[in-house]
Ligand code: NVA
């Protein structure tokens, strides 16, 4: 296990996957793999965390609550209608108040800017449990899952088909950091933000690469990993126009057949079956979606241990 004495992640917020260096990202994954095999340290004993959620959650809420308990800590869940972040009370005041009670804040927000403000005014680390821009904790679980199925991430072709959303943003940057070749196919107007693309390109020194494909077929051809996510995320306006833009972006068995024979299919869940993916693929032998879901627990436990664990 990574020595906490030399642990540079201690006390730091985690709002973006790019908030950590490639070496730190690797150390989170190494710690997660080690902790998954043995007994968990009691490193959050006597510590409390707030789980501040503006949007619904299944995996994130349960996996964080369980991970905190497994490390001997305690969590207080604040749901969608409780705090009124920035409405009932200013974000700065919520951050200042929570900092008097808890040692860390895990927050799921509509606007990424809310996380930035929380972190600015909190005296304790803030962890991004999903925003409109990134979902870095999902990416940690995804990389852990890829390592388990493919041994290594370096040199793999990771194809993402669909919306250039929060999931795609964290995955793209992290994949390049870990030396993978990340390729994305998104419809026009639903592409990754330029700032994310620039950050991903900035990590190519590690040997990874970022590229855009013109079609889902071009992205998936020869891929080791095929990843997709919903076409309409929480907070997006559902519309006919939106759905029709994604025509041809469904992951079907025919599309999967273009990937390597031993390619894995990934999805962060919840899935809109029959939209971005068909049952045959998500329920098929290549699908690792429930390994991903399980690994949320292991990846986040490692993160919490490194960020907040008692030395
Ligand atoms: N892109 C999805 C991810 C859900 C875990 C959303 O933001 O709704």
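Numbering (the working numbering), first residue to last: 6 to 316. All C-beta atoms in this analysis are idealised placements derived from N, C-alpha and C, irrespective of residue type, glycine included. All values reported here derive from a predicted model rather than from experimental measurement.
Query - Whole-angstrom distance between residue 255 and residue 283, CA atom to CA atom - result: 7 Å
Report task. Answer with buried or exposed for residue 249, where buried requires no fewer than 16 other C-beta atoms within 10 angstroms of its C-beta. Result -> exposed
Report task. In angstroms with no decimal places, state the Cα-to-Cα distance between residue 26 and residue 153. Result -> 21 Å
Requested in this report: With distances taken Cα to Cα, identify the nearest neighbour of residue 218 among 244, 165 and 182.
Outcome: 165
Query raised in the report: What's the gap between the Cα of residue 239 and the Cα of residue 137?
Result: 8 Å
Query - Near the ligand NVA: residue 12 beta-carbon under 6 Å from a heavy atom - result: no
Query raised in the report: Between 223, 268, 252 and 65, which lies nearest to residue 317 when the distance is taken from Cα to Cα?
Result: Beyond the ends of the chain as shown, which are 6 and 316, falls residue 317; an answer cannot be given.
Query raised in the report: What three-state label does DSSP hand residue 16 in the structure shown?
Result: coil
Query raised in the report: Does DSSP put residue 3 in a helix, a strand or coil?
Result: Only positions 6 to 316 of the chain appear in this structure, which leaves residue 3 out of reach.
**Report entry** Assigned secondary structure, residue 156 (DSSP; H/G/I helix, E/B strand, else coil)
**Finding:** coil
Query raised in the report: How would you write the range of the alpha helix (DSSP H) that residue 97 sits in, first residue to last?
Result: 96 to 106
**Report entry** Cβ-heavy atom distance, residue 24 to the ligand NVA, below 6 Å
**Finding:** no
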